[in-house]
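In the working numbering, the protein residues as written are 1 to 96. Note that CB positions come from ideal geometry on N, CA and C, so glycine has one too. Below is one structure; the comments refer to it alone.
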Amino acid sequence: MYAKALKAGALGGKISGAGGGGFLLLYCKREDQNNIRKVMKGYREMPFLLEKDGSKIIFNMHTNGNNEIFMMNPDGTDKINLTNNPAPDLWPVVQP
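This is the structure we're talking about:
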């Protein structure tokens with residue numbers, strides 16, 4: 001899996017977790033994302049971003065039958081739902 005991502009353009013990655021609940025976090029240039037998505041199809045993508053100064057994690061989470069965008073501290077505290085609406089929110093975007 002990791003070798004396929006590297007061949008498709010990933011610059012690096014990190015495997016985290018264990019068993020059926022593990023994650024593969026990949027780092028890549030924006031222009032290589034679609035190539036990596038193609039070779040990794042069949043795996044679940046969990047979009048996320050780091051806030052501009054690196055002090056917050058912004059991520060998509062399925063909750064109450066809908067996808068919403070949340071923000072929290074790196075230690076998991078102060079989780080805030082940023083979108084809270086009936087439409088599915090999938091891709092977080094951070095702007096200055």
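Since residue i sits in a beta bridge, which residues does DSSP pair it with?
i, result
"G12", "Y27"
"N66", "T63"
Assuming residue i contacts residue j under a Cβ cut-off of 8 Å, what Cβ separation, rounded to an integer in Å, is found between them?
i, j, result
"L122", "N60", "Outside the displayed span of the chain (1 to 96) sits residue 122, for which this structure offers no information."
Taking the alpha carbon of residue i as the reference point, which residue from the options has its own alpha carbon closest?
i, options, result
"N84", "Y2, N73, E68 and I57", "E68"
"L82", "S16, P88 and F70", "F70"
"G76", "R44, G21 and S55", "S55"
Go through its chain and collect everything with a Cβ distance to residue i's Cβ below 6 Å, but skip five positions before and after it.
i, result
"K14", "L25"
"K4", "V39"
Can you confirm whether residue i, when its beta carbon is compared against all beta carbons of chain D, has any partner nearer than 8 Å?
i, result
"N60", "Here there is only one protein chain, and chain D is not present."
Original post:
Taking contact to mean at least 3 C-beta pairs separated by less than 8 Å, is the region 27 to 37 in contact with the region 2 to 13?
Top reply: yes
**OP:** Inspect the CB distances between the region 33 to 44 and the region 62 to 75 and report whether three or more fall short of 8 Å.
**Re:** no
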